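Visitor: Residue numbers (our numbering): 1 to 237. Pasting a structure here, questions to come.
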């Protein structure tokens, strides 16, 4: 059984060129299952995701994981909306994160074969990763993130611009990951996808955390007028 993980944020604020783009945010979040970040464009979802993972620094405030920061970072993985491919083969892309942690070559080979099968690229192991289709690149990026079996996986719109089949395949991968203990924090504009996947929801509006709670309650009975309007597809200013 995986150890409980939580993150505490106190007065987190992000400013760019003198303008506040996120915060202040106060949050004590138990990271468990599948957490979806929702909100209209410009609400700060990607910035919030990057702050949580530590790839962007807050202008002020305190963030603390329930483990030392270095250990927390090592236990996390992040997949960007536009997946970054190493200019190497599919095999080398999958092997790279395992090489970084000094894994034995035989174990790397075994795990690469296993994950190539899981993401449906077992027949493309020697193919140059940058030449894959959009859906294949996203599946490879996910496989490369999950192959280390991280405790927490951050995803920024992983299914943006993908067709239905690719979206379903990626959602299946994510569901399988949560079943073996990986916690996922993900942004999406797709409310159908959010309803399918979310255990809990964080709703951001104008850079602030406007509402949070279990997904079943958020989608059935949103507490605020703004959240209800968002779920109805209305424009929120």
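The C-beta atom is built at its ideal place from N, Cα and C for all residues, glycine as well. In this text, all values refer to a predicted model and were calculated from it rather than measured experimentally.
Distance check for residue 183 and residue 1, CA to CA, integer angstroms please.
Guide: With a pLDDT of 42 at residue 1, under the threshold of 50, the modelled position of that residue is not reliable, and no figure is offered here.
Visitor: How about residue 90 and residue 124: are their beta carbons less than 9 Å apart?
Guide: yes
Visitor: For residue 85, tell me which candidate among 97, 75, 76 and 74 has the shortest Cα-Cα distance.
Guide: Of the candidates 97, 75, 76 and 74, the one whose C-alpha sits nearest the C-alpha of residue 85 is 97.
Visitor: What's the call for residue 71, buried or exposed, on a 16-neighbour Cβ count within 10 Å?
Guide: exposed
Visitor: On the criterion of 16 or more Cβ atoms from any shown chain inside 10 Å, does residue 241 qualify as buried, or is it exposed?
Guide: Look at the range of the chain in this structure, 1 to 237, and you will see that residue 241 is not part of it.
Visitor: Cα separation between residue 13 and residue 54?
Guide: 14 Å
Visitor: Indicate the three-state DSSP secondary structure (helix, strand or coil) for residue 176 in the structure shown.
Guide: Residue state, collapsed to three classes: helix.
Visitor: If you count every other CB in all the chains shown that lies within 10 Å of the CB of residue 220, and 16 or more means buried, which is it?
Guide: exposed
Visitor: Under three-state DSSP, which class holds residue 16?
Guide: strand
Visitor: Assign residue 211 to one of three DSSP states: helix, strand, or coil.
Guide: DSSP places residue 211 in the strand class (E or B) of the three-state scheme.
Visitor: In this structure, how does DSSP classify residue 141 when only helix, strand and coil are distinguished?
Guide: helix
Visitor: Determine the DSSP secondary structure at residue 185, reduced to helix, strand or coil.
Guide: Here residue 185 sits in strand by DSSP.
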